[in-house]
Structures are given as structure tokens and as C-alpha cells.
Amino acid sequence: MTVELVSSLAAEDHAVLWHPFTQQQGWEEEEPLVIERAEGRRLVDDRGHAYLDGVSSLWCNVHGHRHPTIDRAVREQLDRVAHSTMLGLTHEPGVRLARRLVELAPPGLSRVFYSDSGSTATEIAIKMAFQHFQQRGGEDARRTRFVTLRDAYHGDTIGSVSVGGIDLFHSMYRPLLFDALVAEPGDAADLDRVLATHAGEVAAVIVEPLVQGAAGIRLQPDGYLRAVRELCDRHGALLICDEVATGFGRTGRMFACEHEDVAPDLMCLAKGISGGYLPLAATLATEHVYESFLGRFEDFRTFFHGHTYTGNPLACAAGLASLDVFEEERTLERLGPKIDLLQELLAGVAAMPAVAEVRQRGVMCGIELGGFDPAERMGHRVTLEARRRGVIVRPLGDVVILMPPLAITEEELRELVATVGASIEAAAGAATEVERSAA
Numbered sequence: 166m167t168v169e170l171v172s173s174l175a176a177e178d179h180a181v182l183w184h185p186f187t188q189q190q191g192w193e194e195e196e197p198l199v200i201e202r203a204e205g206r207r208l209v210d211d212r213g214h215a216y217l218d219g220v221s222s223l224w225c226n227v228h229g230h231r232h233p234t235i236d237r238a239v240r241e242q243l244d245r246v247a248h249s250t251m252l253g254l255t256h257e258p259g260v261r262l263a264r265r266l267v268e269l270a271p272p273g274l275s276r277v278f279y280s281d282s283g284s285t286a287t288e289i290a291i292k293m294a295f296q297h298f299q300q301r302g303g304e305d306a307r308r309t310r311f312v313t314l315r316d317a318y319h320g321d322t323i324g325s326v327s328v329g330g331i332d333l334f335h336s337m338y339r340p341l342l343f344d345a346l347v348a349e350p351g352d353a354a355d356l357d358r359v360l361a362t363h364a365g366e367v368a369a370v371i372v373e374p375l376v377q378g379a380a381g382i383r384l385q386p387d388g389y390l391r392a393v394r395e396l397c398d399r400h401g402a403l404l405i406c407d408e409v410a411t412g413f414g415r416t417g418r419m420f421a422c423e424h425e426d427v428a429p430d431l432m433c434l435a436k437g438i439s440g441g442y443l444p445l446a447a448t449l450a451t452e453h454v455y456e457s458f459l460g461r462f463e464d465f466r467t468f469f470h471g472h473t474y475t476g477n478p479l480a481c482a483a484g485l486a487s488l489d490v491f492e493e494e495r496t497l498e499r500l501g502p503k504i505d506l507l508q509e510l511l512a513g514v515a516a517m518p519a520v521a522e523v524r525q526r527g528v529m530c531g532i533e534l535g536g537f538d539p540a541e542r543m544g545h546r547v548t549l550e551a552r553r554r555g556v557i558v559r560p561l562g563d564v565v566i567l568m569p570p571l572a573i574t575e576e577e578l579r580e581l582v583a584t585v586g587a588s589i590e591a592a593a594g595a596a597t598e599v600e601r602s603a604a
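Numbering-wise (this note's numbering), the sequence shown opens with residue 166 and increments by one.
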């Protein structure tokens with residue numbers, strides 16, 4: 166790409182685009198990184214510079230970019246049909262992927278409802294849980310409340326924000342939201358107290374199993390998820406597991422629920438469901454939940470929810486191919502040694518003076534920087550230093566997130582952690598120099 170075109174694209178971006186979760190005033194003062202192509206675990210910009218994708222293109226890429234199996238599946242599907250509605254029709258890739266998901270999911274999850282993002286997957290689960298109890302009637306119709314965990318993140322639509330708990334993201338919209346009940350993460354006794362206090366009122370408890378991702382990779386204690394399942398059973402509430410970030414191998418197993426043999430009533434999937442290729446999501450439900458929606462047409466027990474691109478055939482074809490790659494390349498079997506190596510490498514980062522804590526579950530890692538004023542934007546500075554060194558990472562405040570594709574090699578893991586460590590050192594050193602100069 167020519168220098169003139171690169172400059173033109175940057176100017177056009179600043180002129181017309183509004184980026185997600187981005188302070189545009191600051192963005193327009195920076196030169197945007199324009200990604201032109203990708204290969205394996207690398208993104209390549211419009212100047213030909215390659216960058217290791219350290220966050221899986223926002224936690225979704227699984228097998229690397231331009232994987233031949235997935236590329237081929239999408240091209241072949243494109244030769245058949247790019248899109249066909251699921252309102253009153255069906256198609257082969259949608260049916261086949263649903264069957265595969267049911268076979269992989271925790272026991273009891275037997276129905277698949279497609280959508281197109283993690284936010285919509287959780288929005289659907291919330292509406293399903295609510296309508297389930299309304300249609301059961303009697304005392305069950307009192308179950309209209311939802312319990313969430315402090316610092317939870319379940320998406321950006323109104324329902325999913327209502328069960329979110331990150332004030333930085335959500336406080337502005339509080340007047341638009343329904344009131345959720347809040348329990349302390351990792352504290353089963355507190356959840357028990359909330360459920361007992363609101364006996365007969367709670368439709369569902371929604372959790373990110375094992376790891377609260379957007380909270381900065383906050384880890385739950387062993388046994389907590391199992392305790393949540395037991396408390397939901399005891400108090401008559403449904404359990405919604407939001408596996409949008411944790412699903413498809415991120416914690417070392419296909420789904421995080423598997424670590425504690427937990428089967429939720431509703432499970433939300435997105436991000437890695439298509440291998441990170443195309444927008445796709447799914448909400449899986451038990452037969453018990455599904456059957457509460459059955460009835461005569463005039464009973465109006467239909468689930469009145471749907472999206473134009475629900476179950477898009479191209480995305481479903483990518484999802485099927487991604488599951489094939491899991492099997493053919495023994496992705497999960499080969500992941501264990503990488504997780505162990507990552508833990509070993511991160512120990513060196515944890516010892517750095519600028520690092521307060523390192524949290525890891527599987528290939529989900531949060532490096533929390535300590536001792537910096539939020540106005541310094543130290544997390545952002547680290548990402549810029551990493552970019553200069555050929556690695557893409559993205560912070561959550563002053564927590565630097567690492568979440569590489571599962572297909573990353575051991576050599577690339579070493580490169581990733583070494584580069585991030587050097588970037589932390591450089592950013593912290595520069596901040597210290599500024600302080601000295603000011604003094």
C-alpha cells in the first residue's frame with residue numbers, strides 16, 4: 166500500500182469512524198494502526214509491519230488467522246448461499262452446528278438459539294429465564310429478579326448492562342436499566358444470603374464461570390461455581406453461565422463449566438464460536454426451559470425474539486470448520502503445555518517492580534500494574550510500547566490483558582511475554598523520568 170493511501174485511510178478514519186470503547190478525542194490525536202491482512206498469529210499493517218496478535222483480536226480468534234480449513238469452509242458456503250433467514254426457514258450449516266454444540270455442551274443443554282454477539286446471547290438468556298417463569302405461572306410468576314456478581318460484564322445491550330457491574334462502563338445508563346441484585350464474586354455465603362432474602366423472587370443467577378474477564382481477569386476460588394449451581398437448585402433459580410469469553414478452550418477445557426462439572430440451565434456462547442471469523446453467538450437451553458415455551462398458537466408462548474442475521478450460514482460454516490480444527494489438530498490436548506509455559510513465563514513479569522499482580526486461568530491473563538495515577542494511562546502506554554515492538558495487546562485500565570490464540574506456538578508465547586515485560590519496563594521507566602524532570 167502506498168504512503169499516500171496510508172495517509173488517506175488514516176485521515177478518512179478520523180473523519181468518519183466512531184470506534185468502540187474509545188475516547189475519540191485522544192484517538193484523533195494518534196496515528197491509527199491500519200490492518201491490511203493477517204497470517205497465522207500475526208496481523209500485518211498497511212506498511213507491511215507484522216504484529217503478534219496477543220489478544221486474539223478481542224478474545225475471539227482461536228486457530229490463528231487465515232486458517233485453510235476455515236477459509237475453505239466459508240468460501241464453499243459462499244458458493245451456495247451467503248444468508249438465509251431462520252424465521253420460518255432453516256439451513257444445513259445452522260442445523261449441523263447446533264447438533265455439534267449440543268454434543269459438546271454440558272449435559273442437559275439440548276436447544277440452541279442463535280444470535281450474533283455476546284451481548285445478544287446474554288440478552289436472550291435473560292429474556293428466556295424471565296418468560297420461562299411467567300409462563301409457568303402461579304407463584305413462579307413472582308420470579309422476575311436477576312442476581313449478578315459485583316464487577317460482572319455481560320455485554321452492552323440494555324438487558325446485559327442491567328446485569329453488569331462495571332460502573333465505568335455502565336453508570337451513565339443506570340436510569341435505563343432494571344435493578345439487579347448484586348452478590349460478591351467468589352463468596353457463596355453472600356449469594357446464599359441474597360437468594361434467601363429474596364426467596365421466590367429470583368428468576369436466574371448469571372455468572373462468568375471461573376473468570377471475570379472485563380473486570381481484569383478476576384479469578385474465582387475453586388469450588389465456587391459448583392456452589393453457585395447448588396444454591397440455584399436450592400432456591401429454585403435458573404443458572405445462566407456466560408461463556409462468551411471463557412468458552413472454546415480459553416481456560417484449558419472447551420467450556421469453563423467443565424472444570425467443576427457444572428451444567429447450567431442456560432449457557433451463552435460467542436467470540437470463539439466461529440473461530441474468530443464472523444459474528445455469531447448462541448444461547449443454549451435445557452429441555453426444561455424449552456418446553457415452557459411450547460403451546461397452542463393462540464397461547465402466545467412463542468419466544469418473540471430474533472435478529473436479521475440470526476444463524477447466518479457463512480458464520481455457521483466457519484463454526485463447524487473451527488470445531489473440525491479442534492479435533493484434527495487436537496487443540497485442547499496440545500494446550501496444556503502452553504498454559505504451563507505461560508504460567509512459568511509470567512512469574513518473571515510478576516516480579517517486576519511496576520507489576521502489582523498477575524492473574525491467569527488457562528490462556529486468559531491479566532497483568533495489573535501498580536502505583537500509577539490513572540491519569541498517567543500506564544496500561545495504554547504499555548500497549549503503545551508493545552506495538553512499537555511488534556505485539557498487539559489491549560489494557561483494561563491499568564490491567565494489561567494477554568489472551569493469545571490457542572494455536573500460538575511456544576516460541577511465540579516467549580516472544581509475547583518477553584515483549585510485554587520489556588514494554589512495561591519501558592513505559593514505567595519513561596514515567597519515572599518524567600517525574601524526575603518535573604521535580
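Think of the CB as a built atom: it goes at the ideal place given N, C-alpha and C, for glycine as much as any other residue.
Since this is a predicted model, take the numbers as computed values, not measurements.
Can the beta-carbon of Leu384 be found closer than 9 Å to that of Val372? no
Looking at the unbroken beta strand (DSSP E) that takes in Ile566, where does it start and where does it end? Val564 to Leu567
Can you tell me whether DSSP reads Arg245 as helix, strand or coil? coil
Report buried or exposed for Ala339, applying the criterion of at least 16 other Cβ atoms within 10 angstroms of its Cβ. A small fix is needed here, since residue 339 is Arg in this sequence, not Ala. Burial call: exposed.
Measure from the C-beta of Pro429 to each C-beta in chain B and report whether the shortest distance is under 9 Å. In summary, chain B is missing from the structure at hand, where a single protein chain is found.
Sort Ala368, Asp352, Asp407 and Val267 by Cα distance to Ser325 and report the nearest one. Asp407
The stretch 213–222 touching the stretch 575–591, judged by at least three CB pairs closer than 8 Å: yes
Do you know how far the Cα of Gly531 is from the Cα of Val547? 13 Å
Segment limits, alpha helix (DSSP H) that includes Ile504: Leu500 to Ala515
Which partner residues does His230 have in the DSSP bridge list? Gly205
By the DSSP assignment, the alpha helix (DSSP H) with Ser487 in it spans what residues? Pro478 to Glu493
DSSP three-state assignment for Ala176, whether helix, strand or coil: helix
Report yes or no: do the stretch 453–469 and the stretch 228–247 share at least 3 C-beta pairs separated by less than 8 Å? no
Look up Met529 in the DSSP assignment and say whether it is helix, strand or coil. strand
Can you say whether Trp183 is buried or exposed, counting buried as having 16 or more other CB atoms within 10 angstroms of its CB? exposed
What is the residue span of the alpha helix (DSSP H) that Met142 lies within? Given that the chain is displayed from residue 166 to residue 604, the structure contains no residue 142 and the question cannot be resolved.
Inter-residue spacing [alpha-carbon to alpha-carbon] between Glu494 and Leu571: 11 Å
For Ser457, which three-state DSSP category applies? coil
Which whole runs of the alpha helix (DSSP H) in the stretch 365–453 are 4 residues long or more, in chain order? 389–400
Supposed close pair Ile405, Ala294 - CB separation, criterion 8 Å: 7 Å
Cys225 versus Pro560: straight-line alpha-carbon distance, rounded: 16 Å
Considering only residues of the same chain and omitting the five flanking positions on each side of His545, which have a CB-CB separation below 8 Å? Pro560
Count the C-beta pairs between the stretch 249–265 and the stretch 392–405 that are closer than 8 Å, then say yes if the count reaches three, no if not. no
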